[in-house]
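Numbering of the sequence shown is given in the numbering used here, commencing with residue 1251 and proceeding in unit increments. For reference, the structure discussed in these notes is given below.
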Amino acid sequence: MIHAVYPGSFDPLHNGHLDVIRRSARIYDRLTVAVLGNVGKRDQMFDTAERLDIIRATVADMAKVDVQSFDGLLADYMSNLGADVIVKGLRAISDFEYELQMAHMNRQLNPRAETTFVMTATRWSYLSSTRVKEIARYGADISRLTPPATVAAVAGKVGPPTRPPGGVG
Ligand code: PNS
């Protein structure tokens, strides 16, 4: 039984994350989406409970997937959970350097924790939570980029979109 953990800020969940969740759930027996409690980013839009709610609503029909929050070191959270596999999404080479550092550091802190990578689908390779929040704050429609629970939650923060949807994607 391989229990994998997909950690992240998920502020908020977008289609790139969802792609990684779906594909990881096909590989592993159990997948815990682990939401970092204290994000500490300047542009944070959602508190922990809100981020959990969005993800739980989105993965409700995925039997293998559960959603939790964590604080402190991922390496320690992995030990407490008894999980050995970390899943990360890779969008581009530019993600790799940062992820490689984290993978080595996590392995140093918890030698049982093995980091694995899922290459984000090309169609979502330009997506990030930061960009989603930025365009939503300017009134852009994000319904092609994020699941419905994110669309509703973001609208609750910044209001409904004020410009028409984009053309591709
Ligand atoms: O979605 P993000 O912001 O890229 O996710 C980053 C995350 C949550 C995976 C990373 O910041 C993390 O694991 N934080 C927990 C603290 C920790 O273990 N830091 C050392 C990592 S080597």
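Don't be surprised by glycine CBs; every beta carbon is placed ideally from N, CA and C.
What span of residues does the beta strand (DSSP E) with residue i cover, start to end?
i, result
"residue 1252", "Looking at the DSSP string, residue 1252 is not in any beta strand (DSSP E), and its letter there is neither H nor E."
"residue 1336", "1335-1340"
"residue 1369", "1364-1369"
"residue 1423", "Nothing can be reported for residue 1423: it is not among the residues displayed for the chain, which extend from 1251 to 1419."
"residue 1280", "1280-1286"
Which residue wins for smallest C-alpha separation from residue i, given the options the options?
i, options, result
"residue 1292", "1307, 1334, 1331, 1261", "1261"
"residue 1266", "1252, 1380, 1286", "1380"
"residue 1263", "1369, 1378, 1352", "1378"
"residue 1373", "1254, 1256, 1268", "1268"
"residue 1396", "1304, 1300, 1314, 1295", "1304"
"residue 1251", "1394, 1335, 1410, 1367", "1335"
"residue 1313", "1339, 1271, 1294", "1271"
"residue 1367", "1347, 1383, 1294", "1347"
"residue 1370", "1383, 1342, 1384, 1350", "1342"
"residue 1322", "1274, 1280, 1294, 1258", "1258"
Between which two residues does the alpha helix (DSSP H) carrying residue i extend?
i, result
"residue 1318", "From DSSP, residue 1318 is part of no alpha helix (DSSP H) but of the beta strand (DSSP E) over 1315-1320."
"residue 1343", "1343-1359"
"residue 1327", "1324-1331"
"residue 1266", "1265-1277"
"residue 1382", "1379-1387"
"residue 1302", "1298-1308"
When the cut-off is 8 angstroms and only beta carbons count, does residue i lie next to chain B?
i, result
"residue 1316", "Absence of chain B from the displayed structure is noted, only one protein chain being present."
List the whole-angstrom C-beta distance separating residue i from residue j, where the pair is believed to meet the contact cut-off of C-beta under 8 angstroms.
i, j, result
"residue 1255", "residue 1337", "7 angstroms"
"residue 1413", "residue 1386", "Contact doesn't hold; Cβ gap of about 11 angstroms is too wide."
"residue 1394", "residue 1415", "6 angstroms"
Exercise. Does the count of Cβ pairs from the stretch 1277-1292 and the stretch 1326-1343 closer than 8 angstroms reach three?
Worked result: Contact holds: three or more Cβ-Cβ distances are below 8 angstroms.
Problem set entry | Meets three-Cβ-pair contact criterion under 8 angstroms: the stretch 1296-1314 and the stretch 1393-1412 | With the cut-off at 8 angstroms, the stretch 1296-1314 and the stretch 1393-1412 touch.
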